[in-house]
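*Asks:* Note that the numbering used here has the sequence shown beginning at 102, numbered continuously upward. Backbone N, C-alpha and C define an ideal beta-carbon position, used for all residues, glycine too.
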Amino acid sequence: MEMDLTLDLWGVENPEEELEKVRQQALQCTACRLAETRTNVVFGEGNPRAPLVFVGEGPGEHEDATGRPFVGRAGALLDQALRENGLSRKHVYICNVIKCRASVVENGRVRNRPPYADEITACHQWLDKQLTIIQPLVIVCLGAPAANTLIHKNFKMTQERGIWFPCHYARYAMATLHPAYILRQEGESYQQNYRLLVQDIAAARQKVIEAKKEPKTTLF
Ligand code: URA
């Protein structure tokens, strides 16, 4: 069944235009050290009117090279899990907690590293503006860094994955396994973890359908 993408009347009037304005500002950002090493700012992409938003950790090599979120192997796995739920990128919006690649040079090779706390703090202005414009009903955090930022600190993925939480930016938020984590598993563990990702996306899709039927809680 196709997801209902009707414009919610209480949303921002022109989210496309508003998001583009913020994106143009983000492209100039020098708020943290990652500005010095990035190739591209990876702002985010997808449907600015999507009721369902996915938030990952931060761009990797391919995202940095292209300026687009989740275009490497992790992105291909996310696309596959979306497809299994009858969804594609046109139905959702995808972005990250940080918009520039965090990397370290080891033995002459550039490797991804987790973002530092001060980088997440410096970048929060962009995620904040993005989610305030989109006003999703449901947010799915991909991995613990996004869950720590949007759900609560010290998020425990093993205990709290797939559970619904209230969130400042959406009526409901949950966290699921990061596709890159799933790709590091082998055999049965890979299959089990991938099924959890598919199952959590199915739950998020269902939550959108239910949330659309709920009465609106604010007047404006
Ligand atoms: N991992 C992320 O968290 N985000 C991306 O955009 C790509 C890989």
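Could you tell me the distance, in whole angstroms, from the CA atom of E222 to the CA atom of A203?
*Replies:* Here residue 222 is taken as the residue at index 121 of the sequence shown, counted from 1. Here residue 203 is taken as the residue at index 102 of the sequence shown, counted from 1. Correcting the residue identity first, residue 222 is Thr in this sequence and not Glu. Cα to Cα, T222 sits roughly 14 angstroms from A203.
*Asks:* Span of the alpha helix (DSSP H) holding I234?
*Replies:* Numbered from 1 along the sequence shown, position 133 holds the residue referred to as residue 234. From DSSP, the alpha helix (DSSP H) with I234 extends over 218 to 235.
*Asks:* Does the segment 245 to 254 come within contact of the segment 166 to 183, defined as at least 3 CB pairs closer than 8 angstroms?
*Replies:* no
*Asks:* Which of the three DSSP states, helix, strand or coil, is assigned to I283?
*Replies:* What you label residue 283 is simply residue 182 of the sequence shown in a count that begins at 1. Looking at I283 - three-state DSSP - the assignment turns out to be helix.
*Asks:* Sort P280, P316, S290, I240 by Cα distance to A182 and report the nearest one.
*Replies:* Numbered from 1 along the sequence shown, position 81 holds the residue referred to as residue 182. Comparing Cα-Cα distances from A182 to each of P280, P316, S290, I240, the minimum goes to P280.
*Asks:* Is the segment 230 to 248 close to the segment 308 to 315, with three or more CB pairs under 8 angstroms?
*Replies:* yes
*Asks:* Going by C-alpha distance, which of T277, V198, E162, Y291 is nearest A218?
*Replies:* Position 117 of the sequence shown, counting from 1, holds the residue named residue 218. Comparing Cα positions, the closest option is V198.
*Asks:* Considering only the beta carbon of each residue, do G173 and E158 sit closer than 8 angstroms?
*Replies:* On the sequence shown, position 72 is the one that residue 173 refers to. On the sequence shown, position 57 is the one that residue 158 refers to. In this structure, E158 does not lie closer than 8 angstroms to G173 by Cβ.
*Asks:* Can you grab the Cα-Cα spacing for the pair T233 / R184, in whole Å?
*Replies:* For this step, residue 233 is matched to residue 132 along the sequence shown. For this step, residue 184 is matched to residue 83 along the sequence shown. About 27 angstroms.
*Asks:* So, are the CB atoms of K191 and N148 less than 8 angstroms apart?
*Replies:* The residue labelled residue 191 in the question sits at position 90 within the sequence shown. The residue labelled residue 148 in the question sits at position 47 within the sequence shown. Closer than 8 angstroms, so yes.
*Asks:* Going by DSSP, what residue range makes up the beta strand (DSSP E) through F197?
*Replies:* For the purposes of this step, residue 197 is taken as the residue at position 96 of the sequence shown. One point to set straight first is that residue 197 is Asn, not Phe, in the sequence displayed. Per DSSP, N197 belongs to the beta strand (DSSP E) from 194 to 197.
*Asks:* On the three-state DSSP scale, how would you describe G176?
*Replies:* Taking the first residue of the sequence shown as position 1, residue 176 is located at position 75. Helix.
*Asks:* Can you tell me which of E207, W227, N249, P246 puts its alpha carbon nearest to the alpha carbon of L128?
*Replies:* In the sequence shown, residue 128 corresponds to position 27, counting from 1. Measuring from the Cα of L128, the nearest candidate turns out to be W227.
*Asks:* Where do the N-terminal and C-terminal ends of the alpha helix (DSSP H) with P116 fall, by residue?
*Replies:* Here the question's residue 116 lines up with position 15 in the sequence shown. For P116, the enclosing alpha helix (DSSP H) stretches over residues 116 to 127.
*Asks:* Mind checking whether the beta-carbon of F171 lies closer than 7 angstroms to any heavy atom of the ligand URA?
*Replies:* Taking the first residue of the sequence shown as position 1, residue 171 is located at position 70. Within the cutoff, so yes.
*Asks:* Among the candidates E315, P316, K314, L284, whose CA atom is the shortest distance from the CA of L179?
*Replies:* Position 78 of the sequence shown, counted from the first residue, corresponds to residue 179. Comparing Cα-Cα distances from L179 to each of E315, P316, K314, L284, the minimum goes to L284.
*Asks:* Go through the segment 245 to 302 residue by residue and report every complete run of the beta strand (DSSP E) that reaches 3 residues or more, in order.
*Replies:* 266 to 268, 271 to 277
*Asks:* Can you grab the Cα-Cα spacing for the pair F321 / E289, in whole Å?
*Replies:* For the purposes of this step, residue 321 is taken as the residue at position 220 of the sequence shown. For the purposes of this step, residue 289 is taken as the residue at position 188 of the sequence shown. Confidence in F321 is poor, its pLDDT being 48 and thus under 50, which makes the residue's placement unreliable; the coordinate value appears in the next sentence. Spanning the alpha carbons of F321 and E289 requires a straight line of approximately 49 angstroms.
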